[in-house]
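One structure is given below, encoded as structure tokens.
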Amino acid sequence: MDLLMLGTGGGFYKKLYPNNALLDLNGYRLLIDCGSTATRSLHELGLSWEKDIDGVLVTHLHSGHVGGLEEIALDGKFKYKKKIDLFAAEDLLDPLWEHCLKGGTADGPSDRLDDFFNVKPMKHGETVSIHGMPAELVRTLHVPGKSSSGLRIGPLYYSSDAQFDERLLLELQERVRFIFHDCSLEPARHHASLDQLATLPESVQEKIRLMHYSDDPRRYLAHGRIGKMRLLEQHVRYSIS
Ligand SMILES: [Zn+2]
Ligand SMILES: [Zn+2]
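Quick note: the sequence shown uses our numbering, first residue 1084, plus one each step.
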């Protein structure tokens, strides 16, 4: 499988889009999150959601991760007559509809999320098959009290947005070959910081690729604490095998 980074930046930066990705699972194309800039990023790559996306997996409800779903819901229903799959933790589906999508999409009181998407609820910790690839949502801590998930799929763990969790990363590194992790340069309340990730053993750092960084990634390299980790680049396709 391979993974194309649609964005590698944090939520509110100006040059880079937020960390969203497009995973190609032997021809099944799965968006990992669909923030408000996702369809623009696809367009810049010569792609479009209606031709090139089969499903979307939602990790949590920040706009950098779900802000583009309204476009897909409305254009899908009324313009393209196309419903894509929507994977998410079962405890995220209600808030996704009630707090994010209903206001902008519902046409009447009976409309529901599955009028717009083929909804595929997932349970944290349970492995399912997505187009033949074993996939598991891992419960993470991002914003206290709110559902958030990382995705383990095949040889990859993708944190989306999460606080530093040493125990989880040590456990996961035995099961995956790549860890795509969000990272802030300065200590942050809701994200792992570079200094925290740099405390991990070098054998784990070697698997880590950093995303969700600021508009000037050179500062990370200049910081000198990047260790064996590497920065992901926006609009670059990575082979995951
Ligand atoms: Zn984010
Ligand atoms: Zn977030």
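Beta carbons: idealized from backbone N, C-alpha and C, even for Gly. Computed from a predicted structure; not experimentally measured.
Exercise. Count the other CB atoms within 10 Å of the CB of D1244; is the residue buried (16 or more) or exposed (fewer)?
Worked result: As a working mapping, residue 1244 is identified with position 161 in the sequence shown. Classification of D1244: buried, given that the 10 Å Cβ count is 16 or more.
Exercise. What's the gap between the Cα of K1165 and the Cα of I1115?
Worked result: Numbered from 1 along the sequence shown, position 82 holds the residue referred to as residue 1165. Numbered from 1 along the sequence shown, position 32 holds the residue referred to as residue 1115. For K1165 and I1115, the distance between alpha carbons rounds to 19 Å.
For this session: Could you give the DSSP three-state label for I1155: helix, strand or coil?
Result: Taking the sequence shown and counting its residues from 1, one reaches residue 1155 at position 72. The answer is helix: DSSP assigns I1155 an H, G or I state.
Exercise. Taking the alpha carbon of D1278 as the point to measure from, which residue in G1310, R1301, Q1256, F1261 has its own alpha carbon closest?
Worked result: Stepping through the sequence shown from its first residue, residue 1278 is reached at position 195. For the residues G1310, R1301, Q1256, F1261, the minimum Cα distance to D1278 belongs to G1310.
Exercise. Using a Cβ-Cβ cut-off of 6 Å (strictly less than) and excluding sequence neighbours within five positions of M1216, which residues of its own chain qualify?
Worked result: To locate residue 1216, count along the sequence shown from 1; it is residue 133. Only L1108, I1236, G1237 meet the Cβ criterion.
Problem set entry | Cβ contact (3+ pairs, closer than 8 Å) linking the region 1177–1196 and the region 1260–1278 | no
Problem set entry | Nearest-angstrom Cα separation, counted from K1160 out to S1193 | Start at 1 with the first residue of the sequence shown, and residue 1193 comes out as number 110. Start at 1 with the first residue of the sequence shown, and residue 1160 comes out as number 77. Approximately 15 Å, taken between the alpha carbons.
Problem set entry | Simplified DSSP assignment, three categories, for R1123 | Working through the sequence shown from its first residue, we reach residue 1123 at position 40. Of the three classes helix, strand and coil, the one that applies to R1123 here is helix, per DSSP.
Problem set entry | Unbroken beta strand (DSSP E) run spanning P1217, endpoints | Position 134 of the sequence shown, counted from the start, is the residue given in the question as residue 1217. In the DSSP assignment, P1217 falls within the unbroken beta strand (DSSP E) covering 1216–1222.
Exercise. Around the Cβ of G1151, are there at least 16 other Cβ atoms within 10 angstroms (buried) or fewer (exposed)?
Worked result: Within the sequence shown, the letter at position 68 stands for residue 1151. Classification for G1151: buried.
Exercise. Would L1137 pass as a contact of R1112 if the rule is Cβ separation under 8 Å?
Worked result: For this step, residue 1137 is matched to residue 54 along the sequence shown. For this step, residue 1112 is matched to residue 29 along the sequence shown. Looking at the sequence provided, one finds Asp at residue 1137 rather than Leu. Their beta carbons are under 8 Å apart, which means D1137 touches R1112 by this criterion.
Exercise. By Cβ distance, which residues of its chain are closer than 7 Å to L1099, with the 5 residues on each side in sequence left out?
Worked result: Position 16 of the sequence shown, counting from 1, holds the residue named residue 1099. Cβ within range, chain order: G1090, T1091, G1092, D1298, Q1317.
Exercise. Under the rule that 16 or more other beta-carbon atoms within 10 Å means buried, what is R1292, buried or exposed?
Worked result: Counting from 1 along the sequence shown, the entry for residue 1292 is found at position 209. By the 10 Å Cβ count, R1292 comes out buried.
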